[in-house]
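Inspection log for the structure reproduced underneath, given as structure tokens.
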Amino acid sequence: MDPADFYTGLVAELYGPLKSVSQDPEPYAAFVERTGVPALELGCGDGDPLLELRRRGLEVDGVDSSADMLARLRRRAGELDVSVTLFHQRMESLRLPRRYRAIFLAGPTFTLLPDDATALAALRGIRAHLDAGGVALVPLFTPAPAPTDQIGRARTAVAPDGAGLRVSVVSQRRDETARTQTTLLRYERHQGPDVTVAERPWVLHWYPREVFEELAAAAGLAVTAVTDPDGHPAPAHATDLHVHLAPGT
361 MDPADFYTGL VAELYGPLKS VSQDPEPYAA FVERTGVPAL ELGCGDGDPL LELRRRGLEV
421 DGVDSSADML ARLRRRAGEL DVSVTLFHQR MESLRLPRRY RAIFLAGPTF TLLPDDATAL
481 AALRGIRAHL DAGGVALVPL FTPAPAPTDQ IGRARTAVAP DGAGLRVSVV SQRRDETART
541 QTTLLRYERH QGPDVTVAER PWVLHWYPRE VFEELAAAAG LAVTAVTDPD GHPAPAHATD
601 LHVHLAPGT
């Protein structure tokens, strides 16, 4: 098995049982209802909040780079008897069959893009798939370093087949110049005498507001609003933002 497939498979298995926070669907439902459909969720993962929006009858497609996450989403959709249209693509190389009135990311998915060049490609993909009057919503945040007492501490869960699952932070490196934080994660799966272990770096790349606005402009997008997650105007020093984008002139 390719190491990348092994890692993503193990991450997908761990993700569900260990996920402690699901994205609140309300801000995204309100955004889609206000902006219009069809809508697209980038980085939809295993279905939060996409499935709830579909359950409400909103026409929202999903795209994600992980086949494992999309497989989980399809299983969940079947259990809920909800139809979904999904695409297995990376957001920096979108080639979708239609344009959208609303495009959004739920939570800090954009920070998973490793550098400004990849972010620019993703923003160009968003621009190419927005209707002329469409709006995109991109949450941004600046990650805080992991507390030292969390290094080495494992989170645990039990898989449906009874296997024990563990994930822990091995180490963390932060580069303020490159605006990256690299966390080495250790994944373990214990089933009887069998133990499967994998370590992988988890890279977050953040964007000061002025840097993101420059990237958006280079992609042909204009920033129309910057709010906090509750929809209020964001103060200049805020590190958790919702940026609204529209096609530039």
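Residue numbers for the sequence shown follow the working numbering, so the first one is 361 and each next one is one higher.
Even for Gly, the Cβ is constructed at its ideal location relative to N, Cα and C.
Because the structure is a prediction, the values reported are computed rather than measured.
In this structure, DSSP gives ARG513 a state outside helix and strand, which the three-state scheme calls coil.
Between ASP421 and LEU400 a beta carbon distance of about 5 angstroms is seen, short of the 8 angstroms cut, so the two are scored as contacting. Looking at the backbone, the Cα of ARG533 and that of THR540 are separated by about 8 angstroms.
Looking at the DSSP output, ILE486 shares a beta bridge with no other residue. SER443 counts as exposed, since fewer than 16 other C-beta atoms from the protein chains shown sit within 10 angstroms of its C-beta.
Judged by DSSP secondary structure, LEU473 falls outside any alpha helix (DSSP H); it is assigned neither H nor E.
Taking 8 angstroms as the cut-off, the beta carbon of PRO474 is found no closer than this to the beta carbon of VAL529. By the neighbour-count definition (other C-beta atoms within 10 Å, threshold 16), PRO387 is a buried residue. If you draw a straight line from the Cα of ALA576 to the Cα of ARG526, it is about 39 angstroms long. According to DSSP, residue pairing for PHE464 in a beta bridge involves GLU401, LEU497.
Straight-line spacing of the CA atoms in GLU548 and GLY512 works out to 13 angstroms. The three-state secondary structure of VAL557, taken from DSSP, is strand.
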